[in-house]
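Chains as they are written, first to last, in this note's numbering: chain A, 4 to 338; chain P, 4 to 338.
Ideal placement from N, C-alpha and C gives every residue a C-beta, glycine not left out.
Here the structure is a predicted model, which is why all the values come from computation and not from measurement.
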């Protein structure tokens, strides 16, 4: 099993992707990782590790990097020597089994479609985000792959999301909800209503609409929305988290009482925050393309990247692409 | 100045709306409030108060209540004796200057359009929510009045939102941003692009797109989006807040250390949370209808309702409806 890792993607490249690869190899003895990027920068990071891990790391040199300012599809077409394009090429040729990148979301989605291609019958791939919410992880999908959706897109996200949560998170008969501006059937718009009917008519475990306030409480295994909604939502959550952290940090730094208080509260805070550890959810799968593709947040450190690599390997081991292909083929026969 | 208060709306009706009215009257000596609802329930609550406040409270009896399960426009048309419909009728006839309700959002929006009517030139009214974020209050608009929008709707929300923040929050030349799934001009969809061009061509202080993560940091005075996005976003924030509160409460209740820690941290927590006090923002204005209409959250207590009543009075004192009418008329001439 070989997973290609875009060693140049994200805010802490190449150090964190390289160390993430090392962590993942230690965790899974059957795993090998190809680090794609500037070999002059990558080799010094990995060469100090013992043969048990080092022997399962290879380096594939790439001269270029796609950054957030590049147009996603143009950069995929033009930057042939970028770490991301070379990594996707390895998956396409079968050399690698999957790819993990903490680079630009748009470029990863475009790369998945243009370089790996969609699974037959899939209209649009979907980028899921596993939210570390209460009670159970929730797959929110899409979070930026497909900005505006047709009913068939939302339906296929529900199919693919259910398969993902079943195979890779071990959820039996995953519950599915559609994100909506209210729980009543009259809410939403025509696209959401039509998607609801498609999902209800299928064998998916549809439970109704989910409101924004339900998401943090883990109301469902899978929550479906268009990429616009999913994107603003997860970024809003991220912004709120940062803000609260900054505010309390400011207090600890300038006042004695909260500093003492924090010492007493630390175990409780660790317990609470440990329940919502987004690093452990294993990144965001791009579902619906011919390959195991996991995107990690640009600010991810080694631990989050390691979980994402293990997640990509897990997807391959469980034949994720084949399972989605089968589900879509059956659906096509029924429709 | 007479503001009608729907005394039967919200989770704590009629006690909290009545007490909110009393608080508002104490705050503003020129204010009178008509409490609309079941007089048998309202009178015992208010009769114990001294003449200075009691003399400025009147009770308008209403037999019916519109609840969240009622269809918004049907209930407005059929429940003629409901507190909400009677309250709107008082504004329409000129008997009251404005109305405050913590009832169903849909019914308030429908009541505004059907009973007060839109300001000429306004295609769709918008429900704003003043977010108590860092640095400055941010008006997010729409949060559920108009689920899906045309470019003209988003543009008019920007106009009305700017007027609201200027007149009622004293913001000079309010900055305006469009909520989007990225800051680059290529993000969003055709509706957002077209709205962006309309706003840029106007005299509004347009600053670009805002991402979800920017919102909590107070990136702009006004942030425009469709009602679907605004609704899921504020409810998600609400759900996250509740969840964190519940989680820490659980810790305090069952463990000694965090209880001690909390004692030390209490002043810091009060300082931090005080910066994000949504009760003080004065409710959500329904802009674009012929009247001063403020919606308050269903779970609002007296303090939040009092601020909303003062906000409604403030809108009337500043001739909010006329200012919006003038702005739209000028725009119509230019277009």
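>> Suppose you measure from the CA of residue 319 of chain A to the CA of residue 33 of chain A; what does that come to, to the nearest Å?
In response: Within the first chain, the letter at position 316 stands for residue 319 of chain A. Within the first chain, the letter at position 30 stands for residue 33 of chain A. Cα-Cα distance, rounded: 12 angstroms.
> Under 8 angstroms between C-beta atoms, does residue 208 of chain P make it to chain A?
Replying inline: Counted from its first residue, the second chain places residue 208 of chain P at position 205. Among the CB atoms of chain A, none fall inside 8 angstroms of the CB of residue 208 of chain P.
> Does residue 84 of chain A have its Cβ less than 8 angstroms from a Cβ in chain P?
Replying inline: Within the first chain, residue 84 of chain A is the residue found at index 81, counting from 1. So, not an interface residue.
>> Less than 8 angstroms between the C-beta atoms of residue 225 of chain P and residue 121 of chain P, yes or no?
In response: The residue labelled residue 225 of chain P in the question sits at position 222 within the second chain. The residue labelled residue 121 of chain P in the question sits at position 118 within the second chain. Result no, Cβ atoms of residue 225 of chain P and residue 121 of chain P do not sit closer than 8 angstroms.
> Alpha carbon to alpha carbon, what distance is there between residue 248 of chain A and residue 272 of chain P?
Replying inline: Within the second chain, numbered from 1, the residue matching residue 272 of chain P stands at position 269. Within the first chain, numbered from 1, the residue matching residue 248 of chain A stands at position 245. The straight-line gap from Cα to Cα measures roughly 12 angstroms.
>> Which residues of the segment 227 to 238 of chain A have a Cβ closer than 9 angstroms to any Cβ of chain P? Give them in chain order.
In response: Within the segment 227 to 238 of chain A, 228, 230, 231, 232, 233, 234, 235, 236, 237 and 238 place their CB atoms closer than 9 angstroms to a CB of chain P, listed in sequence order.
> Roughly how many angstroms separate the alpha carbons of residue 294 of chain P and residue 42 of chain P, rounded to a whole number?
Replying inline: In the second chain, the residue the question calls residue 294 of chain P occupies position 291. In the second chain, the residue the question calls residue 42 of chain P occupies position 39. Distance between the alpha carbons of residue 294 of chain P and residue 42 of chain P is about 25 angstroms.
> Looking at the C-beta of residue 189 of chain A, does it have a partner C-beta in chain P at a distance below 8 angstroms?
Replying inline: Against the first chain, residue 189 of chain A aligns to sequence position 186. Residue 189 of chain A counts as touching chain P.
> What first and last residue would you give for the beta strand (DSSP E) that runs through residue 20 of chain A?
Replying inline: As a first step, residue 20 of chain A must be located in the first chain, where it is residue number 17. For residue 20 of chain A, there is no enclosing beta strand (DSSP E); the residue is part of the alpha helix (DSSP H) that begins and ends at 18 to 30.
> What are the residues that DSSP puts in a beta bridge with residue 209 of chain A?
Replying inline: As a working mapping, residue 209 of chain A is identified with position 206 in the first chain. Note: residue 209 of chain A sits in a beta bridge opposite A:179.
> Are there 16 or more other CB atoms within 10 angstroms of the CB of residue 67 of chain P, so buried, or fewer, so exposed?
Replying inline: Counting from 1 along the second chain, the entry for residue 67 of chain P is found at position 64. Buried is the call here.
> Leaving out five residues before and five after residue 195 of chain A in sequence, what residues of the same chain have Cβ atoms less than 7 angstroms from its Cβ?
Replying inline: What you label residue 195 of chain A is simply residue 192 of the first chain in a count that begins at 1. Correct list, in chain order: 181 and 183.
>> For the segment 4 to 20 of chain P against the segment 85 to 105 of chain P, do three or more pairs of beta-carbon atoms, one drawn from each stretch, fall closer than 8 angstroms, so that the two count as touching?
In response: With the cut-off at 8 angstroms, the segment 4 to 20 of chain P and the segment 85 to 105 of chain P touch.
> If you drop the 5 nearest sequence neighbours on each side, which residues of the same chain put their C-beta closer than 7 angstroms to that of residue 214 of chain P?
Replying inline: By one-based count along the second chain, residue 214 of chain P stands at place 211. Sequence-distant Cβ neighbours of residue 214 of chain P in its own chain, meaning closer than 7 angstroms and more than five residues away, are 183, 185 and 186.
> Taking Cβ to Cβ, would you say residue 45 of chain A is nearer than 8 angstroms to residue 25 of chain A?
Replying inline: Taking the first residue of the first chain as 1, we reach residue 45 of chain A at position 42. Taking the first residue of the first chain as 1, we reach residue 25 of chain A at position 22. Between residue 45 of chain A and residue 25 of chain A, the CB-CB gap reaches or exceeds 8 angstroms.
> If we cut at 8 angstroms on Cβ distances, does residue 192 of chain A have a partner in chain P?
Replying inline: Sequence index remark: in the first chain, residue 192 of chain A carries index 189 (1-based). At least one chain P Cβ lies under 8 angstroms of residue 192 of chain A.
>> Residues of the segment 148 to 162 of chain A in Cβ contact with chain P at a cutoff of 8 angstroms, in chain order, please.
In response: Identification of residues in the segment 148 to 162 of chain A having a C-beta nearer than 8 angstroms to some C-beta of chain P yields 150 and 151, given in sequence order.
>> Please list, in chain order, the residues of the segment 44 to 64 of chain A that have any C-beta partner in chain P closer than 9 angstroms.
In response: So nothing in the stretch comes that close.
> Closer than 8 angstroms, CB to CB, is residue 217 of chain A near chain P or not?
Replying inline: Here residue 217 of chain A is taken as the residue at index 214 of the first chain, counted from 1. Yes, because at least one Cβ of chain P sits closer than 8 angstroms to the Cβ of residue 217 of chain A.
> Counting along the chain, where does the beta strand (DSSP E) carrying residue 64 of chain P start and finish?
Replying inline: Within the second chain, the letter at position 61 stands for residue 64 of chain P. From DSSP, the beta strand (DSSP E) with residue 64 of chain P extends over 60 to 64.
> Mind checking residue 322 of chain A: buried by the 16 CB within 10 Å criterion, or exposed?
Replying inline: Residue numbering aside, residue 322 of chain A sits at position 319 when the first chain is read from its first letter. In summary, residue 322 of chain A is exposed, with fewer than 16 beta-carbon neighbours lying within 10 Å of its beta-carbon over all protein chains present.
> For residue 263 of chain A, which residues in chain P fall below 7 angstroms Cβ to Cβ?
Replying inline: In the first chain, residue 263 of chain A corresponds to position 260, counting from 1. Per Cβ cutoff of 7 angstroms: 267.
>> From the DSSP secondary-structure annotation, give me the bridge partner or partners of residue 289 of chain A.
In response: What you label residue 289 of chain A is simply residue 286 of the first chain in a count that begins at 1. DSSP lists A:130 and A:296 as partners of residue 289 of chain A.
> Alpha carbon to alpha carbon, what distance is there between residue 152 of chain P and residue 208 of chain P?
Replying inline: By 1-based counting over the second chain, the position of residue 208 of chain P is 205. By 1-based counting over the second chain, the position of residue 152 of chain P is 149. If I take the Cα positions, the gap works out to 21 angstroms.
> Which residues, in order along the segment 300 to 312 of chain A, keep a beta-carbon less than 7 angstroms from a beta-carbon of chain P?
Replying inline: Taking a C-beta cut-off of 7 angstroms against chain P, none of the residues of the segment 300 to 312 of chain A qualify.
> Roughly how many angstroms separate the alpha carbons of residue 333 of chain P and residue 289 of chain P, rounded to a whole number?
Replying inline: Against the second chain, residue 333 of chain P aligns to sequence position 330. Against the second chain, residue 289 of chain P aligns to sequence position 286. Cα atoms of residue 333 of chain P and residue 289 of chain P: separation of roughly 21 angstroms, rounded to the nearest angstrom.
>> Quick check: residue 19 of chain A and residue 308 of chain A, are their CB atoms within less than 8 angstroms of each other?
In response: As a working mapping, residue 19 of chain A is identified with position 16 in the first chain. As a working mapping, residue 308 of chain A is identified with position 305 in the first chain. Taking C-beta atoms as the reference points, residue 19 of chain A and residue 308 of chain A count as a pair closer than 8 angstroms.
> Quick one, are the C-beta atoms of residue 116 of chain P and residue 128 of chain P less than 8 angstroms apart?
Replying inline: As a first step, residue 116 of chain P is located in the second chain; it is residue number 113 there, counting from the start. As a first step, residue 128 of chain P is located in the second chain; it is residue number 125 there, counting from the start. Contact check for residue 116 of chain P against residue 128 of chain P passes: the beta carbons are separated by less than 8 angstroms.
> CA-CA distance, residue 27 of chain P and residue 38 of chain P?
Replying inline: In the second chain, counting from the first residue as 1, residue 27 of chain P sits at position 24. In the second chain, counting from the first residue as 1, residue 38 of chain P sits at position 35. One C-alpha to the other measures close to 13 angstroms.
>> Along the chain, where does the beta strand (DSSP E) containing residue 9 of chain A start, and where does it finish?
In response: Residue 9 of chain A sits at position 6 when you count from the first residue of the first chain. Segment 5 to 9, the beta strand (DSSP E) holding residue 9 of chain A.
> Which residues in chain P sit within 7 angstroms of residue 242 of chain A, going by Cβ to Cβ distance?
Replying inline: Taking the first residue of the first chain as 1, we reach residue 242 of chain A at position 239. Correct list: 215, 216, 217, 218, 219 and 220.
>> Check whether the segment 81 to 88 of chain P and the segment 55 to 69 of chain P touch, using three or more Cβ-Cβ pairs below 8 angstroms as the test.
In response: Segment contact: the segment 81 to 88 of chain P against the segment 55 to 69 of chain P, three or more CB-CB distances shorter than 8 angstroms; contact assigned.
>> My assumption, with CB atoms under 8 angstroms, is that residue 109 of chain A sits in contact with residue 91 of chain A. Please give the rounded CB distance.
In response: Position 106 of the first chain, counting from 1, holds the residue named residue 109 of chain A. Position 88 of the first chain, counting from 1, holds the residue named residue 91 of chain A. Going by Cβ atoms, the distance from residue 109 of chain A to residue 91 of chain A rounds to 14 angstroms, so no, they are not a contact pair.
> Which first and last residues belong to the beta strand (DSSP E) in which residue 101 of chain A is found?
Replying inline: As a position in the first chain, residue 101 of chain A is number 98, starting the count at 1. Note, residue 101 of chain A: beta strand (DSSP E), 101 to 104.
> Since residue 247 of chain P is in the alpha helix (DSSP H), which residue starts that stretch and which ends it?
Replying inline: To locate residue 247 of chain P, count along the second chain from 1; it is residue 244. Per DSSP, residue 247 of chain P is one residue of the alpha helix (DSSP H) stretching across 230 to 257.
> Is there at least one Cβ from chain P nearer than 8 angstroms to residue 258 of chain A's Cβ?
Replying inline: Locating residue 258 of chain A in the first chain gives position 255, where the first residue counts as 1. With 8 angstroms as the cut-off, residue 258 of chain A counts as an interface residue toward chain P.
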